[in-house]
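Engineer:
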Amino acid sequence: MGKIVKVCDGWGKLEMDSLKRSRELAWGDDDCGRGLAVLEEAQRHWRNMWQFRVDRERNKRYHYGDQWGDLVCVDGRVMTEGEYIRRKGKVPLKQNLIRRLVRNVIGVYREQVTEPTCYARDRNEQQIAETMSTLLQYNMQKNGLEGRYARSMEEFLISGLVVHRKWWGRVGDEEDCWTDIVEPKSFFMDTNVRDYRGRDVSIIGEIHDTSFDELTSEFARDPKDYQRLAEIYAGTHDGRNVETWWNSFGYSDPERDCDFLVPRDRSRCRVVEVWRKESKPRYWCHDYMSGEVYKIETEDLREMVEEENARRLRQAADAGMDASEVPLIEAKWYIDTYWYCYYLSPMGHILREFETPYAHKSHPYVFCAYPFIDGEIHSFVADVIDQQRYTNRLITMYDWIIGASAKGVLMIPQDCIPTGMTPEQFADTWDRIDGVIVYKPSTSGKMPTQIAANSTPVGIQELLNLQLKFFEDISGVNGALQGKPGYSGMSAALYNQQTQNATTSLVDLLDTFNEFKREAALKDVSNIQQFYDGKMVEEIVGGNGAEMMAKLGDVEFDLSIVPSTTTPAYRAVTNDLLMSMWEKGAITTEQLLEVGNFPFGDALLQNMKAEKERQAREQEEQQARMGAQAEQAPQGQAQGPSVKDEG
Numbered sequence: 258m259g260k261i262v263k264v265c266d267g268w269g270k271l272e273m274d275s276l277k278r279s280r281e282l283a284w285g286d287d288d289c290g291r292g293l294a295v296l297e298e299a300q301r302h303w304r305n306m307w308q309f310r311v312d313r314e315r316n317k318r319y320h321y322g323d324q325w326g327d328l329v330c331v332d333g334r335v336m337t338e339g340e341y342i343r344r345k346g347k348v349p350l351k352q353n354l355i356r357r358l359v360r361n362v363i364g365v366y367r368e369q370v371t372e373p374t375c376y377a378r379d380r381n382e383q384q385i386a387e388t389m390s391t392l393l394q395y396n397m398q399k400n401g402l403e404g405r406y407a408r409s410m411e412e413f414l415i416s417g418l419v420v421h422r423k424w425w426g427r428v429g430d431e432e433d434c435w436t437d438i439v440e441p442k443s444f445f446m447d448t449n450v451r452d453y454r455g456r457d458v459s460i461i462g463e464i465h466d467t468s469f470d471e472l473t474s475e476f477a478r479d480p481k482d483y484q485r486l487a488e489i490y491a492g493t494h495d496g497r498n499v500e501t502w503w504n505s506f507g508y509s510d511p512e513r514d515c516d517f518l519v520p521r522d523r524s525r526c527r528v529v530e531v532w533r534k535e536s537k538p539r540y541w542c543h544d545y546m547s548g549e550v551y552k553i554e555t556e557d558l559r560e561m562v563e564e565e566n567a568r569r570l571r572q573a574a575d576a577g578m579d580a581s582e583v584p585l586i587e588a589k590w591y592i593d594t595y596w597y598c599y600y601l602s603p604m605g606h607i608l609r610e611f612e613t614p615y616a617h618k619s620h621p622y623v624f625c626a627y628p629f630i631d632g633e634i635h636s637f638v639a640d641v642i643d644q645q646r647y648t649n650r651l652i653t654m655y656d657w658i659i660g661a662s663a664k665g666v667l668m669i670p671q672d673c674i675p676t677g678m679t680p681e682q683f684a685d686t687w688d689r690i691d692g693v694i695v696y697k698p699s700t701s702g703k704m705p706t707q708i709a710a711n712s713t714p715v716g717i718q719e720l721l722n723l724q725l726k727f728f729e730d731i732s733g734v735n736g737a738l739q740g741k742p743g744y745s746g747m748s749a750a751l752y753n754q755q756t757q758n759a760t761t762s763l764v765d766l767l768d769t770f771n772e773f774k775r776e777a778a779l780k781d782v783s784n785i786q787q788f789y790d791g792k793m794v795e796e797i798v799g800g801n802g803a804e805m806m807a808k809l810g811d812v813e814f815d816l817s818i819v820p821s822t823t824t825p826a827y828r829a830v831t832n833d834l835l836m837s838m839w840e841k842g843a844i845t846t847e848q849l850l851e852v853g854n855f856p857f858g859d860a861l862l863q864n865m866k867a868e869k870e871r872q873a874r875e876q877e878e879q880q881a882r883m884g885a886q887a888e889q890a891p892q893g894q895a896q897g898p899s900v901k902d903e904g
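Numbering (the numbering used here), first residue to last: 258 to 904.
1. Within its chain, find whatever has a CB closer than 6 Å to the CB of Met806; leave out the 5 residues flanking it on each side and keep chain order.
2. Where are the beta strand (DSSP E) runs, 3 residues long or more, that stay fully inside the segment 599-661, in chain order?
3. In chain order, what are the residue ranges of uninterrupted alpha helix (DSSP H) at least 4 long that sit wholly in the segment 314-373?
4. By a C-beta neighbour count over all protein chains shown, 10 Å radius and 16 as the cutoff for buried, is Thr436 buried or exposed?
5. Would you be able to state if there are at least three C-beta pairs under 8 Å between the segment 307-321 and the segment 636-656?
6. Helix or strand or just coil, what does DSSP make of Arg534?
7. What do you get for Gly455, buried or exposed, if any count of 16 or more other CB atoms within 10 angstroms of its CB means buried?
8. Buried or exposed for Ala386, going by 16 or more other Cβ atoms inside 10 Å?
9. Answer with buried or exposed for Arg291, where buried requires no fewer than 16 other C-beta atoms within 10 angstroms of its C-beta.
10. Return the chain-ordered ranges of every alpha helix (DSSP H) run that is complete within the segment 790-862 and spans a minimum of 4 residues.
11. Of the choices Asp332, Gly333, Lys347, whose alpha-carbon is the least far from that of Gly339?
12. Whole angstroms is fine: what's the gap from Ile694's alpha carbon to Val666's?
13. If Tyr597 sits next to Arg533, beta carbons under 8 Å apart, how far is it from one beta carbon to the other, in whole angstroms?
14. Just how far apart, CA to CA, sit Ile415 and Leu809?
15. Whose C-beta lies closer than 7 Å to the C-beta of Val264 among residues of the same chain, with five residues either side of it excluded?
16. Taking the CB atoms as reference points, tell me whether Leu402 and Leu725 lie closer together than 9 Å.
17. Any heavy atom of the ligand FAD closer than 8 Å to the beta-carbon of Leu293?
18. Within a Cβ cutoff of 8 Å, which residues of the same chain sit near Tyr920, ignoring the five residues on either side of it in sequence?
19. Pull up the distance between the alpha-carbon of Arg343 and that of Ile464, whole angstroms please.
20. Thr467 to Lys869, Cα distance in whole Å?
21. Check for me: the beta strand (DSSP E) holding Asp466 runs from which residue to which?
22. From Glu847 to Met838, what distance separates their C-alpha atoms?
23. Mapping DSSP to helix, strand and coil, what is Ala684?
24. Which class does Leu222 belong to by DSSP, given the choice of helix, strand or coil?
25. What are the boundary residues of the beta strand (DSSP E) that includes Leu418?
26. In terms of residue numbering, what span does the alpha helix (DSSP H) encompassing Leu667 cover?
27. Verify whether the separation of the beta carbon atoms of Val365 and Leu850 is less than 9 Å.
28. Taking the C-alpha atoms as reference points, what is the distance between Tyr789 and Val782?
29. For Arg539, collect the residues of the same chain with a Cβ closer than 7 Å to its Cβ; drop the 5 residues on either side in sequence, then sort them by chain order.
30. Among Glu633, Gly577, Leu601, which has the Cα closest to the Cα of Phe309?
31. Please report the straight-line C-alpha distance between Gly423 and Leu570, rounded to a whole angstrom.
32. Starting from the C-beta of Tyr453, find all residues in its chain whose C-beta is less than 6 Å away, skip the five residues before and the five after it, and write them out in chain order.
33. Taking the continuous alpha helix (DSSP H) assigned at Glu565, which residues delimit it?
34. With a CB to CB cut of under 8 Å and the five nearest residues on each side skipped, what residues in its chain are close to Asn649?
35. From Gln671 to Pro680, what does the alpha carbon distance come to, in whole angstroms?
36. Between Val242 and Thr388, which are expected to be in contact by the criterion C-beta below 8 Å, what is the C-beta distance as a whole number of angstroms?
Here it is as structure tokens:
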């Protein structure tokens, strides 16, 4: 174990660089002490999100039909509500209304068909912005974001938190900008965050469980790294020989998924990815000659500022300029915060560490929590759980009452049973078709009777209808939005108005998710500007990729969520406008086919271009023949007189 180094001397001087300070405080070999300090901080924030994970698991259970799983205490014994009902000899019934409700909201979201579109602040650069929109759409299709956003919306409705990870790297044989969906149960962030945009987050990350082969593919750069990883993750080299915990495909055990350091499957290697804000002194520079603003390291002050200012002053003196008129570089000392990444093992080994490589100078995560007032997360599903529980209780109670009611019970006076016949034989003959029972009337004169009693009208049907109405009122998803037909004689305008009113109640939820899509697209645009090269741009949009990429890197874009141009309605409106312009002669047929969205447009345009090229070739050949004939004609006229003279 290494010694602990003091970071303050007798005069109270503190190391201002947080990374250097953490290295000085580190103890032990292989830098594990510093890694353990980061790991402990990440674990503390992960534990602080315990209540969110519990609420999310409960919401997920109710959404997918496990609605009798809440714990109750009966006679000092803790059991689930479903187990308690089964102990009573009954069946716990349920009608899953939450799943239908969530599907309806997802359907409303999918009907919007929106996509992020780039706009340049300078209108002269709008063509470059359209190119960036094309690159962004290509990247979205590459990642299959249309389906991923639908699944993210489902997660957003269930838990109230959706997280994506935007990164650049190699997947298989391709390098590109990728988007991964992060499970909220594996995600953690600074629990002191209060800004719903996440601007004040200071630590963020997630838990990865990967195989040993994938681990070495990511972190091993030479044989020494491979051996080090094999020592750290001893026992996981061959997952088939490792005893695993309970694990069924598609399902998980919440009790065993709640450990920060130990994976559920012991054959997997746990890696904790932590992005934390570090701080160090830097200089903020403003170059008054070029107008550029940038920051530099403290050790670069002499070379990049002082020497450059001295050079400018010498040039000004040689040119006879006054020193006060020379534009210099102004440098101000300040404490800069920046994002720093750690990949850690559960034992504190630092597998990799680096400052953020992204041009946006932030972490790769994009998250959206709803509503995030005072840092609290409340999901859409949680609002209707009480109505779902009471509906299930009423249905089960109704089933109990029906089961306890008399249903065709046969009442037989004992002296009415003939001699030599058992009550069972009497009942069997009673319900037989054309059955005949010969008996001697009793002295009391009573005859066998059959009793069928209706259920006791305790108002269960009214309560059930009331709960279903509450379900629609609380969620804001009424029958019109669910696709239910209206009553007889309802006008189409009234039905459309009810649908619009129901959609209005979901506007805040849908717009919040669209803001998340916009923030995610902004990071995609930044990564595309940073990592795409001219060749990739040329393959995607054509043209001169190198020149286009140079322009893309210097343009600041704004993003808006607009209706997608891939919808049939949008294509129909566009085609109608183009046809109207074509009929008036404002555009040519080629322009109509190039800009319009016609199923046959590309094939017809190629045929027209081929026909034009053929006509152009024929015209060139004809002109060449006419030119050759014109050259031969003067020669014939020149030879004619010479022959005549000779004659």
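C-beta atoms are modelled at their ideal positions from N, C-alpha and C, and glycine is treated no differently.
Structural biologist: Short version:
1. In the sequence shown, counting from the first residue as 1, residue 806 sits at position 549. Around Met806: Gly791, Val794.
2. 607-612, 622-626, 628-630
3. 338-344, 354-369
4. Residue 436 sits at position 179 when you count from the first residue of the sequence shown. Buried, because 16 or more other Cβ atoms sit within 10 Å of the Cβ of Thr436.
5. yes
6. Here residue 534 refers to the residue found at position 277 when the sequence shown is read from its first residue. Here residue 534 turns out to be Lys, not Arg, going by the sequence shown. Strand at Lys534.
7. Stepping through the sequence shown from its first residue, residue 455 is reached at position 198. Gly455 should be labelled buried.
8. The sequence position of residue 386 within the sequence shown is 129, counting from 1. Under this definition Ala386 is a buried residue.
9. For the purposes of this step, residue 291 is identified with residue 34 of the sequence shown, where counting begins at 1. Under this definition Arg291 is a buried residue.
10. 791-798, 802-809, 825-840, 846-852
11. Here residue 339 refers to the residue found at position 82 when the sequence shown is read from its first residue. Ranking the options by Cα distance to Gly339, first place goes to Lys347.
12. Stepping through the sequence shown from its first residue, residue 694 is reached at position 437. Stepping through the sequence shown from its first residue, residue 666 is reached at position 409. If you take the alpha carbons of Ile694 and Val666, they lie about 18 Å apart.
13. Position 340 of the sequence shown holds residue 597. Position 276 of the sequence shown holds residue 533. Indeed, because the Cβ distance is near 6 Å, the residues count as touching under 8 Å.
14. Taking the first residue of the sequence shown as 1, we reach residue 415 at position 158. Taking the first residue of the sequence shown as 1, we reach residue 809 at position 552. Rounded to whole angstroms, Ile415 to Leu809 spans 39 Å at the Cα level.
15. Against the sequence shown, residue 264 aligns to sequence position 7. Confidence in Val264 is poor, its pLDDT being 45 and thus under 50, which makes the residue's placement unreliable; the coordinate value appears in the next sentence. Residues of the same chain with a CB within less than 7 Å of the CB of Val264, apart from the 5 flanking positions on each side, are Leu271, Glu272, Arg278, Glu281, Leu282 in chain order.
16. Here residue 402 refers to the residue found at position 145 when the sequence shown is read from its first residue. Here residue 725 refers to the residue found at position 468 when the sequence shown is read from its first residue. For Leu402 and Leu725, no; Cβs fall outside 9 Å.
17. With respect to the ligand FAD, the structure offers nothing, as it holds no ligand at all.
18. The chain is shown from 258 up to 904; residue 920 falls before or after that span and cannot be answered.
19. Within the sequence shown, numbered from 1, the residue matching residue 343 stands at position 86. Within the sequence shown, numbered from 1, the residue matching residue 464 stands at position 207. Cα to Cα, Arg343 sits roughly 38 Å from Ile464.
20. Counting from one through the sequence shown, the residue named residue 467 turns up at place 210. Counting from one through the sequence shown, the residue named residue 869 turns up at place 612. Going by the C-alpha atoms only, they are around 59 Å apart.
21. In the sequence shown, counting from the first residue as 1, residue 466 sits at position 209. Run containing Asp466: 460-467, per the beta strand (DSSP E) assignment.
22. Position 590 of the sequence shown, counted from the start, is the residue given in the question as residue 847. Position 581 of the sequence shown, counted from the start, is the residue given in the question as residue 838. The alpha-carbon atoms of Glu847 and Met838 are separated by roughly 13 Å.
23. Position 427 of the sequence shown, counting from 1, holds the residue named residue 684. In the structure shown, Ala684 falls within a helical segment according to DSSP collapsed to helix, strand and coil.
24. It is not possible to answer for residue 222, since the shown part of the chain is limited to 258 through 904.
25. In the sequence shown, counting from the first residue as 1, residue 418 sits at position 161. Element bounds for Leu418: 418-428.
26. Here residue 667 refers to the residue found at position 410 when the sequence shown is read from its first residue. Counting along the chain, Leu667 falls outside any alpha helix (DSSP H), though it belongs to the beta strand (DSSP E) covering 666-668.
27. Here residue 365 refers to the residue found at position 108 when the sequence shown is read from its first residue. Here residue 850 refers to the residue found at position 593 when the sequence shown is read from its first residue. In this structure, Leu850 does not lie closer than 9 Å to Val365 by Cβ.
28. In the sequence shown, residue 789 corresponds to position 532, counting from 1. In the sequence shown, residue 782 corresponds to position 525, counting from 1. Those two C-alpha atoms are separated by around 10 Å.
29. The residue given as residue 539 occupies position 282 in the sequence shown. When the five nearest sequence neighbours on each side are left out, the beta carbons in the same chain lying within less than 7 Å of the beta carbon of Arg539 are those of Lys552, Ile553, Glu554, Thr555, Tyr591, Asp593, in order along the chain.
30. Residue numbering aside, residue 309 sits at position 52 when the sequence shown is read from its first letter. For the residues Glu633, Gly577, Leu601, the minimum Cα distance to Phe309 belongs to Glu633.
31. By 1-based counting over the sequence shown, the position of residue 423 is 166. By 1-based counting over the sequence shown, the position of residue 570 is 313. It is worth fixing the name first, because residue 423 is Lys in this sequence and not Gly. Their backbone Cα atoms lie some 46 Å apart in a straight line.
32. For the purposes of this step, residue 453 is identified with residue 196 of the sequence shown, where counting begins at 1. Excluding residues within five positions, the ones whose Cβ falls inside 6 Å are Phe629.
33. On the sequence shown, position 308 is the one that residue 565 refers to. First-last of the alpha helix (DSSP H) with Glu565: 564-575.
34. In the sequence shown, the residue the question calls residue 649 occupies position 392. Gln324, Trp325, Pro349, Leu350, Lys351, Gln352.
35. Locating residue 671 in the sequence shown gives position 414, counting from the first residue. Locating residue 680 in the sequence shown gives position 423, counting from the first residue. Roughly 9 Å separates the two Cα atoms.
36. What is shown of the chain runs 258 to 904, which leaves residue 242 out entirely.
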